[in-house]
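In what follows, a single structure is set out as structure tokens and then discussed.
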Amino acid sequence: MDFDDYNLDADNYDEMFLPDGVPREHSRLLYETLRGLSAEELVSIQERIKRSFLNEGITFTVYGDEEADERIIPIDCLPRILSDAEWRQLEAGLTQRLGALNRFLEDIYNEARIIADGVIPVEIVRGCPQYRIEMHGFSAPHGAWVAICGTDLVRTNDGFMVLEDNLRVPSGVSYMVANRKAVKASLRRLYRKTGVQEVEHYGRILLKTLRELAPSGRSDPCIALLTPGVYNSAFYEHLFLAREIGAELVEGRDLLVNNGFVYMRTSAGLRRVDVVYRRVDDDFLDPLVFRADSLLGVPGLLHAYKLGNVALVNSPGTGVADDKSVYAYVPDMIRYYLCEEPLLANVKTHICRRPKDLEYTLDNLENLVVKRVGESGGYGMLVGPHSTPEERETYAKQMHANPADYISQPVLALSRAPCLIEGRAEPRHVDLRPFVLHGRETRIVPGAFCRVALRRGSLVVNSSQGGGGKDLWVLAQDDEDPKKRERGKKH
Amino acid sequence: MLSRSAEGLYWMGRYFERAEYLCRLLRWQVETLVDRPIREIYFGWSRIYMSLNRQPPGGRLELLGNDDYTLADSYTLAGDLTFESPDSIWNCFALGRENARQMRHCISAEMWTCLNLAYLGLRKSSIQEIWKTAPESFYAETASEINTLTGVAEATMYRDEGWHFLQLGRFIERVQCSTALLLSQLAIAKLRDVSFDADWMSLLRVCQANDAYYRNYSVDVQPHRVLDLLVTDPSLHNSLCCSLKAVAAELDAIGPGPQEHSSAAARRMAGRMSALIQNDWPDREDHDALLEQVRQSSWELHDLLIAAYINYAIEDSPAR
Numbered sequence: 166m167d168f169d170d171y172n173l174d175a176d177n178y179d180e181m182f183l184p185d186g187v188p189r190e191h192s193r194l195l196y197e198t199l200r201g202l203s204a205e206e207l208v209s210i211q212e213r214i215k216r217s218f219l220n221e222g223i224t225f226t227v228y229g230d231e232e233a234d235e236r237i238i239p240i241d242c243l244p245r246i247l248s249d250a251e252w253r254q255l256e257a258g259l260t261q262r263l264g265a266l267n268r269f270l271e272d273i274y275n276e277a278r279i280i281a282d283g284v285i286p287v288e289i290v291r292g293c294p295q296y297r298i299e300m301h302g303f304s305a306p307h308g309a310w311v312a313i314c315g316t317d318l319v320r321t322n323d324g325f326m327v328l329e330d331n332l333r334v335p336s337g338v339s340y341m342v343a344n345r346k347a348v349k350a351s352l353r354r355l356y357r358k359t360g361v362q363e364v365e366h367y368g369r370i371l372l373k374t375l376r377e378l379a380p381s382g383r384s385d386p387c388i389a390l391l392t393p394g395v396y397n398s399a400f401y402e403h404l405f406l407a408r409e410i411g412a413e414l415v416e417g418r419d420l421l422v423n424n425g426f427v428y429m430r431t432s433a434g435l436r437r438v439d440v441v442y443r444r445v446d447d448d449f450l451d452p453l454v455f456r457a458d459s460l461l462g463v464p465g466l467l468h469a470y471k472l473g474n475v476a477l478v479n480s481p482g483t484g485v486a487d488d489k490s491v492y493a494y495v496p497d498m499i500r501y502y503l504c505e506e507p508l509l510a511n512v513k514t515h516i517c518r519r520p521k522d523l524e525y526t527l528d529n530l531e532n533l534v535v536k537r538v539g540e541s542g543g544y545g546m547l548v549g550p551h552s553t554p555e556e557r558e559t560y561a562k563q564m565h566a567n568p569a570d571y572i573s574q575p576v577l578a579l580s581r582a583p584c585l586i587e588g589r590a591e592p593r594h595v596d597l598r599p600f601v602l603h604g605r606e607t608r609i610v611p612g613a614f615c616r617v618a619l620r621r622g623s624l625v626v627n628s629s630q631g632g633g634g635k636d637l638w639v640l641a642q643d644d645e646d647p648k649k650r651e652r653g654k655k656h
Numbered sequence: 426m427l428s429r430s431a432e433g434l435y436w437m438g439r440y441f442e443r444a445e446y447l448c449r450l451l452r453w454q455v456e457t458l459v460d461r462p463i464r465e466i467y468f469g470w471s472r473i474y475m476s477l478n479r480q481p482p483g484g485r486l487e488l489l490g491n492d493d494y495t496l497a498d499s500y501t502l503a504g505d506l507t508f509e510s511p512d513s514i515w516n517c518f519a520l521g522r523e524n525a526r527q528m529r530h531c532i533s534a535e536m537w538t539c540l541n542l543a544y545l546g547l548r549k550s551s552i553q554e555i556w557k558t559a560p561e562s563f564y565a566e567t568a569s570e571i572n573t574l575t576g577v578a579e580a581t582m583y584r585d586e587g588w589h590f591l592q593l594g595r596f597i598e599r600v601q602c603s604t605a606l607l608l609s610q611l612a613i614a615k616l617r618d619v620s621f622d623a624d625w626m627s628l629l630r631v632c633q634a635n636d637a638y639y640r641n642y643s644v645d646v647q648p649h650r651v652l653d654l655l656v657t658d659p660s661l662h663n664s665l666c667c668s669l670k671a672v673a674a675e676l677d678a679i680g681p682g683p684q685e686h687s688s689a690a691a692r693r694m695a696g697r698m699s700a701l702i703q704n705d706w707p708d709r710e711d712h713d714a715l716l717e718q719v720r721q722s723s724w725e726l727h728d729l730l731i732a733a734y735i736n737y738a739i740e741d742s743p744a745r
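Protein sequences appear in the order of chains A and B.
Just so you know, we're using this note's numbering here: the first sequence kicks off at 166 and counts up by one.
Just so you know, we're using this note's numbering here: the second sequence kicks off at 426 and counts up by one.
In structure tokens:
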């Protein structure tokens, strides 16, 4: 496959090529391998991967789409590569960030020093719907309010930036592993030669983390993964993780709380559960405390958690820290709690509850991305440059009516990576979601769920909205040696 | 294991067993359409609907017209049992696969891929397409895919409680299907003055027992020998006595349940059923009454199992 028509654009960082068209050092082998394969061979590889996903039932569900009950996520067979140095930079930044976020959660539910010291306005924290007053006075075991975090990162010409932190029930890790298995099997020679760091041990690391969080004195803790059920969009992932860690996959109706302990109903009687890795949102977790109409949760679960008889991963109440308004203050949190400068930048964010920010946003709607603070998955978002005057007008009215529900950010020139589109290499925008685990220590598998906006020109990478996935290869050793660049050839 | 998982695997076993049984029924029934007399075709459809305890579309069977009419009607009936009715092959397969999908962490990856591939193929089928060429090969292939799944399970699944619940479901379903089929055969045969060899031959084929019969009795088809073979032969893999023995063995493997005696009633029931076949069958004349007793006991056994392992009262269960 040639890259003759591959369109490089100086405004967008290209993951494979330097601005002058020379492949980046860490992508050279990939580039040369792809040049040696015909378009037909690559299309056949792509088809094989697609078929393997379908055959193995690696699917997700799009809500409200009855036809697509079990849809496979489109996978691009061309891997994206990060050098070891790039990865180390991300790893340090992510560790730092999660450290600060956990300190923040511990603080706001206890002394609230950060509010008292005026670093973050009280209304931003306590006005957030995800702030759970029920967690007041609680300290998470080992400070691990967030034990599993999926951070969305993007790259621009200015470097990596955090787009958002997912601190409640982040998903996508199963696709990281599935993409790796499929792409590795299809490009095996290249994979071996390239020297890629493994991601398939994620399950082992997750298990280690969950075990560390078990109540004290439980040497062989029983772990259960709590799923909302088969109709949840991420049900495949729940199955995958339960299998990986050898946990029971339970629904709320399988669990009960008795005398402050959590039990599951087994064919041999009730069995005590020590760790619940919950994939159910706070609202539905415990009908005695949160939404009383929830059928997905377990009455009394929060009580058992607070008694220390069961570990809940992630802890209820963590959603306040990934709120889109609170996000703007994460760099300040890092400075406040860790006395360090943030290693990963934030995207400049205008919080529309501030009159000045609202005015700026309304004046520049066509140039900004506006997001509703309570939405995720790419829903409820206005991408200014791609919007119509009518859409902007509707949005402006809604923002006037409820400014606290909105934030705005500049439109980022997301980096692009080559994707196989109709037999040709075309650039598409990408992001990545690495998964950070925190038990007694922080651990990160060197890889991520790399998402791709498969529609030409689109910036929306969410799988529910036309996005797909890509395998991300983190090289085992740093090949970013400037001298090697001299050997590069312009394509 | 989690009670809900145990139940899911139990039902998975039942649904696939039922789907495979339906494939066998329809395969041989569709074959009769090629060259058998209308009387025989009618007998086959009557046996199928009676054994499934279902009404055919339109409420009754009317296959006594000319050949064209018989074929057109058979097309409707096959479509009903393949795709339309609640216990059609498609529905049983889809429900079995849905149980497997929810229990994927309890079965082997090879099993899931095997059955998912079969499901994706079956999903594309329609009765029009099946009917265009040789419909019997569709049923033979679908049965073969289910048998392959059984083989893959045998070769790859971990022999924990999940395995035993899966097997328990299969064998209980087999007992219920077999007794229903034999009872229907006896009931329809009773209505006639003459016994036709072909009806008993077709029963042997449906039960995959014709080879075993020939080996024991040559081609001389005697109804009582056919029945004895299908009910009591310990060497016939799907005879009633073998199925009941397997049910008892699976119950033993699963264990007592939440308390020491939780599953005692179920075990006693399984033992009584086995005893009826082994001890009473040879001496009794009223085979249909005995089979009816076994069939009803198998329904009760199902309820006892669910009560012992799945829906037991919480207060009866000591916590571990």
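All C-beta atoms, glycine included, are put in the ideal place defined by N, C-alpha and C.
Please read these numbers as outputs of a predicted model, since none were measured by experiment.
Is it buried or exposed, Lys-649 (chain A), if we count other Cβ atoms within 10 angstroms and call 16 or more buried? Bear in mind that a pLDDT of 47 at Lys-649 (chain A), under 50, signals an unreliable position, so the model cannot answer this.
For Gly-438 (chain B), would you say it is in contact with chain A, using Cβ-to-Cβ distances shorter than 8 Å as the test? no
Would you verify that the beta carbon of Gly-434 (chain A) is, or is not, closer than 8 Å to some beta carbon of chain B? yes
Within the 8 Å Cβ cut-off, does Gly-222 (chain A) reach chain B? yes
Quick check: is the beta carbon of Gly-680 (chain B) nearer than 8 Å to any beta carbon in chain A? yes
Assigned exposure category for Cys-242 (chain A) - 16 Cβ within 10 Å defines buried: buried
C-beta neighbour in chain B for Asp-419 (chain A), strict 8 Å: yes
Buried or exposed: Lys-549 (chain B), going by 16 or more other Cβ atoms within 10 Å of its Cβ? exposed
Within 8 Å (strictly less), CB to CB, does Arg-650 (chain A) reach chain B? Low local confidence applies: a pLDDT of 40 at Arg-650 (chain A) is under 50, so the model's placement there is unreliable, with the coordinate-based value given in what follows. It does not; no Cβ of chain B falls within 8 Å.
Can you tell me where the beta strand (DSSP E) holding Gln-574 (chain A) begins and where it ends? 571-575
Compare the C-beta of Gln-610 (chain B) with all C-beta atoms of chain A and state if any pair is closer than 8 Å. no
To which residues of the same chain is Glu-416 (chain A) closer than 8 Å at the C-beta, ignoring the five residues directly before and after it? Leu-391, Thr-392, Pro-393, Gly-394 and Leu-461
Three-state secondary structure (DSSP) at Thr-226 (chain A)? coil
Give me the DSSP bridge partner(s) of Thr-431 (chain A). A:Gly-434 and B:Leu-427
Under the assumption that Pro-657 (chain A) contacts Pro-496 (chain A) (Cβ atoms under 8 Å), give the Cβ distance between them as a whole number of angstroms. Shown here, chain A extends from 166 to 656; a query on residue 657 (chain A) therefore has no answer.
Between Pro-442 (chain A) and chain B, is any beta-carbon pair separated by less than 8 Å? For clarity, residue 442 (chain A) is Tyr in the given sequence; the question names Pro instead. Tyr-442 (chain A) does not count as touching chain B.
Considering only the beta carbon of each residue, do Pro-599 (chain A) and Leu-255 (chain A) sit closer than 8 Å? yes
Can you find a CB in chain B that lies within less than 8 Å of the CB of Arg-245 (chain A)? no
Hey, is Val-631 (chain B)'s beta-carbon within less than 8 Å of any beta-carbon in chain A? no
Glu-413 (chain A) - DSSP class collapsed to helix/strand/coil: strand
Using DSSP with H/G/I as helix, E/B as strand and the rest coil, what is Glu-329 (chain A)? strand
Three-way DSSP call (helix, strand, coil) for Trp-625 (chain B) in this model: helix
Compute the Euclidean distance between the alpha carbons of Arg-650 (chain B) and Ile-388 (chain A), then round it to the nearest angstrom. 55 Å
Please check if any C-beta of chain B sits within less than 8 Å of the C-beta of Arg-253 (chain A). no
Give me the chain B residues within the contact set of Ala-407 (chain A), using Cβ-Cβ distance strictly less than 7 Å, ordered along the chain. His-530
Here's the rule: buried if 16 or more other CB atoms are within 10 angstroms of the residue's CB, otherwise exposed. What is Thr-553 (chain A)? exposed
For Thr-607 (chain A), count the other beta carbons within 10 Å of its own beta carbon; 16 or more makes it buried, fewer makes it exposed. Which is it? buried
Between the stretch 468-484 of chain B and the stretch 595-611 of chain B, do three or more beta carbon pairs fall short of 8 Å? yes
Starting from Leu-461 (chain A) and walking both ways along the beta strand (DSSP E), at which residues does that stretch end? Run containing Leu-461 (chain A): none; DSSP gives neither H nor E here.
Opposite Glu-591 (chain A) in the DSSP bridges: which residues? A:Cys-584
Taking 8 Å as the CB-CB cut-off, is Ser-620 (chain B) touching chain A? no
At which residues does the beta strand (DSSP E) containing Gly-315 (chain A) begin and terminate? 313-321
Under 7 Å between beta-carbons, which chain A residues line up against Thr-538 (chain B)? List them in chain order, please. Asn-220 and Glu-221
In angstroms with no decimal places, state the Cα-to-Cα distance between Ala-623 (chain B) and Ile-613 (chain B). 14 Å
For the beta strand (DSSP E) holding Lys-635 (chain A), just list the boundary residues, first then last. 632-639
Cβ of Arg-430 (chain A) within 8 Å of any chain B Cβ: yes
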